[in-house]
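Visitor:
There are 2 protein chains.
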Amino acid sequence: MMFTYCMKRRLVLLGRDVSFLHDLLTVPRIYSRGTSHEAADPASLLVQLCRRQHYIAPGETHAASLKRGRGCGYGPLGLDLQKNVLEQWWTSVVRSRAQVFGISTPHCSTTSTAAWVLQGDDVRNSLSQRDLPGTQLAEGLRQVLQRGEFFRSGLLQGALDRYVPSLELTSGKLPFGLAQTGLCFQPESASSDTVGCSSEVTEACLVWFCSPRTSSQWLDYWTRQRLQWWRKFALGPSDFSVHDVSGEELKQGASRGVEVLYHFPWGTEVLETLWNLGDTDLLNTHQHSKAKLQCRDGRKVVVPHVVSVTSNMDRAVLAYLSNSLQDVQNVDSKQRLHQRKVLKLHPVLTPVKVALDVGRGSTSELRQVCEGLLQEFLDVGISAWPGYMDTTQTSMERQHARYDEMGVLFAVTISESTLKNGLLQVRSRDTTIRETMHISEIKQFFLKYISAAGNI
Amino acid sequence: MMFTYCMKRRLVLLGRDVSFLHDLLTVPRIYSRGTSHEAADPASLLVQLCRRQHYIAPGETHAASLKRGRGCGYGPLGLDLQKNVLEQWWTSVVRSRAQVFGISTPHCSTTSTAAWVLQGDDVRNSLSQRDLPGTQLAEGLRQVLQRGEFFRSGLLQGALDRYVPSLELTSGKLPFGLAQTGLCFQPESASSDTVGCSSEVTEACLVWFCSPRTSSQWLDYWTRQRLQWWRKFALGPSDFSVHDVSGEELKQGASRGVEVLYHFPWGTEVLETLWNLGDTDLLNTHQHSKAKLQCRDGRKVVVPHVVSVTSNMDRAVLAYLSNSLQDVQNVDSKQRLHQRKVLKLHPVLTPVKVALDVGRGSTSELRQVCEGLLQEFLDVGISAWPGYMDTTQTSMERQHARYDEMGVLFAVTISESTLKNGLLQVRSRDTTIRETMHISEIKQFFLKYISAAGNI
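Quick note, the sequences are listed as chains W and Y, same order. In terms of the working numbering, the first sequence is residues 1 to 456. In terms of the working numbering, the second sequence is residues 457 to 912.
(1) Return the residues of the segment 656-667 of chain Y that lie within a Cβ-Cβ distance of less than 8 Å from chain W, sorted by chain order.
(2) Kindly say whether Glu60 of chain W, judged by its beta-carbon, lies nearer than 8 Å to any beta-carbon of chain Y.
(3) Under a CB-based cut-off of 8 Å, is Thr432 of chain W close to chain Y?
(4) According to DSSP, is Tyr262 of chain W helix, strand or coil?
(5) Beta-carbon of Glu149 of chain W versus every beta-carbon of chain Y: anything under 8 Å?
(6) Using 8 Å as the threshold, is the C-beta distance between Val698 of chain Y and Thr679 of chain Y below it?
(7) Is Thr413 of chain W close to chain Y? Criterion is C-beta to C-beta, closer than 8 Å.
(8) Check whether the segment 377-389 of chain W touches the segment 313-320 of chain W, taking contact to mean three or more Cβ pairs, one atom from each stretch, closer than 8 Å.
(9) Less than 8 Å between the CB atoms is what I'm expecting for Leu597 of chain Y and Leu141 of chain W, so what's the real figure, rounded?
(10) With a cut-off of 8 Å, does the C-beta of Trp266 of chain W fall near any C-beta of chain Y?
(11) Taking 8 Å as the CB-CB limit, is Ala291 of chain W close to chain Y?
(12) Looking at chain W, which residues of the segment 558-569 of chain Y have a Cβ within less than 9 Å of any of its Cβ atoms?
(13) Once the 5 residues before and after Ala57 of chain W are set aside, which same chain residues still bring their CB inside 6 Å of it?
(14) If you scan the segment 730-796 of chain Y from start to end, which runs of the alpha helix (DSSP H) of 4 or more residues do you find wholly inside it?
(15) For a minimum of 4 consecutive residues, which ranges assigned as the alpha helix (DSSP H) are wholly contained in the segment 812-838 of chain Y?
(16) Identify the contact partners of Pro842 of chain Y in chain W, using a Cβ-Cβ distance below 7 Å as the criterion.
(17) To the nearest angstrom, report how far apart Leu447 of chain W and Pro668 of chain Y are at their CA atoms.
(18) Mapping DSSP to helix, strand and coil, what is Ala856 of chain Y?
(19) Per DSSP, Lys629 of chain Y is paired with what?
(20) For chain Y, find out if any of its Cβ atoms is closer than 8 Å to the Cβ of Lys448 of chain W; answer yes or no.
(21) Taking only three categories from DSSP, how would you classify Tyr74 of chain W?
(22) Measuring only the C-alpha atoms, how far is Tyr163 of chain W from His719 of chain Y?
(23) Hey, Leu727 of chain Y and Asn779 of chain Y are a contact pair by Cβ (cut 8 Å); roughly how many whole angstroms apart?
(24) Starting from Ile414 of chain W, follow the beta strand (DSSP E) in both directions and report where the run begins and ends.
(25) Tell me, please, whether the segment 793-801 of chain Y touches the segment 41-60 of chain W by the rule of three or more beta-carbon pairs shorter than 8 Å.
(26) Which chain W residues sit within Cβ distance under 9 Å of Val573 of chain Y?
(27) Closer than 7 Å by beta-carbon distance: list the chain Y residues that pair up with Leu79 of chain W, in chain order.
(28) Anything in the segment 370-399 of chain W with a Cβ closer than 9 Å to a Cβ of chain Y? List those residues in chain order, please.
(29) How long is the line joining the alpha carbons of Gly34 of chain W and Leu45 of chain W, rounded to whole angstroms?
(30) Let me check understanding here. Comparing Cα to Cα, which of Y:Asp536, Y:Ala747, Y:Arg752 lies closest to Phe632 of chain Y?
(31) Below 8 Å on the Cβ atoms is my contact criterion, and I expect Leu160 of chain W with Val207 of chain W to pass it. Report the Cβ-Cβ distance as a whole number of Å.
(32) Can you name, in chain order, every residue of its own chain whose Cβ lies under 6 Å from the Cβ of Gly236 of chain W, other than the five neighbours on each side?
(33) Can you list, in chain order, the residues of its chain whose CB lies under 7 Å from that of Glu467 of chain W, leaving out five sequence neighbours each side?
(34) CB-CB under 8 Å to Lys300 of chain W, same chain, minus the five flanking residues each way: which ones, in chain order?
(35) Do Ile414 of chain W and Leu424 of chain W have their C-beta atoms closer together than 8 Å?
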């Protein structure tokens with residue numbers, strides 16, 4: 001079913017694909033901001049669009065971080081996209097399952113190693129004593145370091161720590177899972193690199209405790225589930241794939257591993273890693289006290305095996321942005337060729353569902369209608385863009401081209417006739433078709449459209 | 457309307473308040489886990505309940521952190537409560553307003569001061585050279601520090617940094633706002649304190665840019681809005697109050713300040729701070745280049761003033777937990793006095809809306825019905841607790857007492873008769889009344905009940 005939906009989304013596009021005209025006609029590009037240099041580099045094209053349309057914050061560092069799979073500054077649209085991706089992850093992994101419990105564990109601990117967190121004053125005080133001999137100074141600093149903690153580099157350890165108290169939640173029965181999303185620090189290996197902003201990653205992690213005899217099946221189950229999830233929201237599902245980890249790539253203690261990959265135009269990157277970790281990490285975490293760790297698998301009593309699923313939610317944002325960006329060419333009524341970039345993000349993920357603009361007519365009255373309608377949309381959770389507030393004169397064509405780059409699902413135009421008969425124009429991003437609808441119907445229409453897309 | 461709702465919630469309780477019996481009768485307490493020592497300390501009573509019912513993670517440090525207004529480890533119920541509070545904040549401040557944009561800014565920067573983040577290897581390498589004279593060692597460490605960054609202590613600066621690119625979002629028109637939620641590090645002032653887990657706070661922050669002539673009115677507007685918001689979800693709204701900040705307490709550069717306070721049984725704490733900051737911070741952030749900062753206030757061109765609203769979302773969790781905890785006493789059919797603790801969290805905030813249990817009858821068949829119903833609830837976003845999976849024999853009385861402590865809104869019991877005629881028992885936390893309903897109706901009943909409570 002998922003597949004047919006994606007196929008349909010593609011067919012709509014194919015039905016309008018007139019790229020063959022490009023070879024036949026040599027008319028100048030009317031709508032194209034890209035230069036020939038940019039066209040050669042899909043990464044910088046994507047980043048420019050994302051920056052222009054408020055997905056990524058301005059500044060080179062943010063874009064560079066995101067490309068390396070690190071989060072940094074998102075603009076309002078990028079933040080909403082990430083929130084939507086995280087929300088879907090949480091719904092799929094935690095909220096819709098009785099056996100998975102969400103937890104939150106401290107960001108700092110004494111057992112990680114990646115990034116040291118120290119109190120500013122402490123460090124400054126120690127360093128001010130620069131006349132001391134090296135050994136004494138080093139000793140002072142060692143004390144500062146002992147008071148500091150490490151920022152976590154992943155979420156697995158936090159969940160393993162919580163295993164014992166969580167047994168109560170399921171009356172000590174297997175299988176069950178603990179899930180968490182949150183900030184981690186993952187500095188790149190080059191020691192010259194600064195730690196901080198450029199090491200920030202938002203991870204989502206499920207730690208699944210199951211009986212040893214079923215752990216391999218559970219790894220298969222979660223791999224299938226997760227790949228299906230990634231592809232559910234994709235315009236081009238085949239860009240997401242899985243890959244067995246073997247040999248030296250295998251994490252220490254893991255018996256099997258699987259990676260979910262995304263094929264970016266500039267190379268393949270890992271979105272998610274699934275490990276069958278056995279019981280080693282769990283035993284190490286709890287000082288090998290098997291009695292404390294045991295729980296019930298039917299009638300047997302066992303120490304569970306651990307299957308972990310860890311996703312990079314910053315790379316997920318970039319993957320969906322890259323996956324949904326399409327070049328669309330079409331010819332207008334005057335036989336001119338138009339090139340547009342359309343961000344065909346899935347209806348559930350796209351940050352702005354509806355934009356509202358005014359057509360011809362008495363501006364102040366039309367704006368009032370817009371304001372009322374906008375509030376109606378916002379009140380039922382349909383994120384809406386107040387295009388009518390933008391007073392710079394642009395043609396509706398240009399406005400729609402901008403909305404296509406933003407990934408806005410529907411553009412609604414309210415005009416003089418709306419005041420007379422309640423009819424307004426609704427333009428779809430994916431079909432580019434304009435329909436006339438009554439103002440009393442559209443809220444329900446959008447709600448149904450979005451929820452239908454989410455249920456497929 | 458909000459007030460009548462709260463009044464009604466209280467009256468329901470008053471109607472069942474039989475505390476006067478306590479003085480008349482001297483029967484032993486049947487259901488009471490507290491000792492007399494605990495009863496004297498409302499803080500430790502609350503913390504014990506929260507730990508027992510999976511709001512706070514086990515361990516002294518977590519509870520101590522939360523009491524100091526710092527977040528640390530939440531259990532599954534505490535995490536859901538915080539998620540719900542954050543969700544309501546975001547809906548009220550960002551999602552329902554066309555002029556407020558959500559952003560996300562880096563957690564680390566070079567301009568904060570609270571907590572230094574350093575790469576672990578760098579520090580270790582420097583410290584290993586302990587034979588060097590003090591000056592050289594200090595120099596080496598200074599270089600390490602220069603490569604490190606600071607973890608942010610608040611969200612204001614990040615929003616001020618983003619002011620200029622955000623002007624595009626509103627075509628340079630005032631007023632508009634930038635909002636963000638996220639992790640900050642706020643070490644306590646005592647320098648002996650370790651930084652790390654015990655300094656973590658989740659803040660929510662709105663930075664509102666408005667014309668200088670209206671900034672004072674906007675501060676009043678937001679104070680009203682915010683107090684209303686805090687009280688909307690309260691069982692005892694009068695425990696939330698506002699307080700004008702004056703004299704030496706005023707933040708540097710601020711012309712006015714207001715605090716939203718919560719009266720905990722152990723003292724009053726600040727939940728939220730609102731400042732009228734003028735233009736000082738904004739000018740400082742952008743090197744006093746007024747031309748870059750100007751935007752339109754009607755026909756005039758001005759440098760905006762800043763009103764900031766900053767909430768501590770960990771203290772918010774504790775405030776709502778404390779506010780909703782009630783001692784309820786009632787007498788059963790055998791004239792025995794029962795004391796119960798009920799966590800009367802607002803229907804929108806409470807982590808578990810429905811618990812499902814089996815009554816008398818064929819267990820395996822009943823469990824199947826439960827599983828089906830549970831999945832139906834989860835699919836529409838009603839968080840449900842699989843009580844039927846707990847095979848330890850407890851009376852329904854005890855089970856309900858546990859659900860009351862968890863704050864579960866409704867307890868559904870499925871029994872033999874459900875299989876025959878589809879009828880099941882629904883018990884309400886707030887009224888303790890048991891109703892019989894048809895299995896086909898309850899999903900809609902719960903959805904309507906929760907959404908009605910949210911719309912008041």
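Note that beta-carbon positions come from the ideal geometry of N, C-alpha and C, so glycine has one too. Small disclaimer: the values here were computed from a predicted structure and weren't measured.
Guide: Result, derived from the coordinates:
(1) Residues of the segment 656-667 of chain Y with a C-beta atom less than 8 Å from some C-beta of chain W are Glu656, listed in chain order.
(2) Not one chain Y Cβ lies under 8 Å of Glu60 of chain W.
(3) No, because no Cβ of chain Y sits closer than 8 Å to the Cβ of Thr432 of chain W.
(4) Of the three classes helix, strand and coil, the one that applies to Tyr262 of chain W here is strand, per DSSP.
(5) By this cut-off, Glu149 of chain W is an interface position.
(6) Against a cut-off of 8 Å, the Cβ pair of Thr679 of chain Y and Val698 of chain Y comes out as a contact.
(7) In terms of beta-carbon proximity, Thr413 of chain W stays away from the interface with chain Y, with every pair separated by 8 Å or more.
(8) By the Cβ rule, the segment 377-389 of chain W does not count as touching the segment 313-320 of chain W, because fewer than three pairs are nearer than 8 Å.
(9) The distance from the Cβ of Leu597 of chain Y to that of Leu141 of chain W is about 7 Å, consistent with a contact at the 8 Å cut-off.
(10) At a cut-off of 8 Å between beta carbons, Trp266 of chain W makes no contact with chain Y.
(11) At least 8 Å separates the CB of Ala291 of chain W from every CB of chain Y.
(12) Within the segment 558-569 of chain Y, the residues whose Cβ lies closer than 9 Å to some Cβ of chain W are Gly558, Ile559, Ser560, Thr561, Pro562, His563, Cys564, Ser565, Thr566, Ser568, Thr569, listed in chain order.
(13) Excluding positions up to five away in sequence, the list reads Gly73, Gly75.
(14) DSSP runs (the alpha helix (DSSP H)) wholly in the segment 730-796 of chain Y: 736-741, 746-749, 769-780.
(15) Runs of the alpha helix (DSSP H) inside the segment 812-838 of chain Y: 819-835.
(16) In chain order: Ala98.
(17) Roughly 40 Å separates the two Cα atoms.
(18) Sequence check: residue 856 of chain Y is His here, not Ala. His856 of chain Y falls in the helix class under three-state DSSP.
(19) Answer is Y:Arg752, bridged to Lys629 of chain Y.
(20) Cβ-Cβ to chain Y under 8 Å: no for Lys448 of chain W.
(21) In this structure, Tyr74 of chain W counts as strand in the three-state DSSP scheme.
(22) If you take the alpha carbons of Tyr163 of chain W and His719 of chain Y, they lie about 35 Å apart.
(23) Rounded, the Cβ-Cβ distance is 11 Å, inconsistent with contact.
(24) Run containing Ile414 of chain W: 410-414, per the beta strand (DSSP E) assignment.
(25) Contact between the segment 793-801 of chain Y and the segment 41-60 of chain W is absent, because fewer than three Cβ pairs lie under 8 Å.
(26) Per Cβ cutoff of 9 Å: Ala115, Trp116, Val117, Leu118, Phe151, Phe185, Val195, Gly196, Ser199.
(27) The answer, in chain order, is Gly558, Ile559, Ser560.
(28) Of all residues in the segment 370-399 of chain W, the ones placed with a Cβ closer than 9 Å to any Cβ belonging to chain Y are Glu371, Leu374, Gln375, Leu378, Asp379, Gly381, Ser383, Ala384, Trp385, Pro386, Met389, Asp390, Thr391, Thr392, in chain order.
(29) Any reading at Gly34 of chain W is ruled out, since the residue's pLDDT is 38, under 50, leaving its predicted position unreliable.
(30) When each option's Cα is compared against that of Phe632 of chain Y, the closest is Y:Arg752.
(31) Contact between Leu160 of chain W and Val207 of chain W is confirmed by a C-beta separation of about 7 Å, below the 8 Å threshold.
(32) Correct list, in chain order: Asn323.
(33) Shown here, chain W extends from 1 to 456; a query on residue 467 of chain W therefore has no answer.
(34) Excluding residues within five positions, the ones whose Cβ falls inside 8 Å are Ser211.
(35) Taking 8 Å as the Cβ cut-off, Ile414 of chain W and Leu424 of chain W qualify as a contacting pair.
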